[in-house]
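Numbering (the working numbering), first residue to last: 1 to 153. Where is the CB? At the ideal position from N, CA and C, for every residue including glycine. Worksheet: one structure, shown below.
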């Protein structure tokens with residue numbers, strides 16, 4: 001009877017370690033690429049929020065083109081950048097706190113940011129092109145393929 005009890009207890013015991021390659025949302029460790037992406041999202045987000053505030057204030061920082069297919073007034077661009085910036089910050093915080101939905105939200109937010117920056121190039125190319133490169137680095141870090149992801153790196 002005692003051996004049966006020990007076997008039952010061993011089968012219901014919760015292991016102390018997760019299997020290699022399985023990191024759940026409760027795990028405190030995140031890999032280096034995810035940390036980098038989270039930090040870059042936390043850089044890109046507040047900067048987009050600041051550009052959005054400049055656009056809403058109709059600052060003379062931006063060049064206004066009259067012949068452009070994606071022409072919105074400056075206030076609309078400001079609101080777009082403000083919303084995208086908040087989404088980037090939320091996704092960055094989710095990735096850094098290792099939430100299960102963080103990587104997907106980060107990919108979505110960085111992708112939307114990449115598209116909006118592409119559409120924003122005529123207004124401020126010296127800003128939009130480096131931010132597009134930053135968004136591409138974030139997308140690469142979040143969507144890379146994990147080969148042999150385990151703790152023994």
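What would DSSP say about residue 80, mapped onto helix, strand or coil? helix
CA-CA distance, residue 114 and residue 83? 14 angstroms
What would DSSP say about residue 69, mapped onto helix, strand or coil? coil
Does the distance from the C-beta atom of residue 76 to that of residue 123 stay below 7 angstroms? no
With residue 106 and residue 37 assumed to form a contact (beta carbons below 8 angstroms), what rounded beta-carbon distance in angstroms separates them? 6 angstroms
Am I right that residue 141 and residue 33 are in contact with their C-beta atoms under 8 angstroms? What's the rounded C-beta distance? 4 angstroms
According to the Cβ coordinates, are residue 45 and residue 93 closer than 7 angstroms? no
To the nearest angstrom, how far is it from the Cα of residue 68 to the Cα of residue 125? 14 angstroms
With DSSP run on the structure shown, which of helix, strand or coil describes residue 30? coil
Would residue 104 and residue 95 be called neighbours here (beta carbons separated by less than 7 angstroms)? no
Assuming contact is defined by CB atoms lying nearer than 7 angstroms, are residue 111 and residue 85 in contact in what I supplied? no
Please report the residue range of the alpha helix (DSSP H) in which residue 135 lies. 125 to 143
Classify residue 118 as helix, strand or coil using the three-state DSSP reduction. helix
Residues near residue 48 by beta carbon distance below 8 angstroms, same chain, minus five either side: 81, 82, 84, 85, 88, 113, 131
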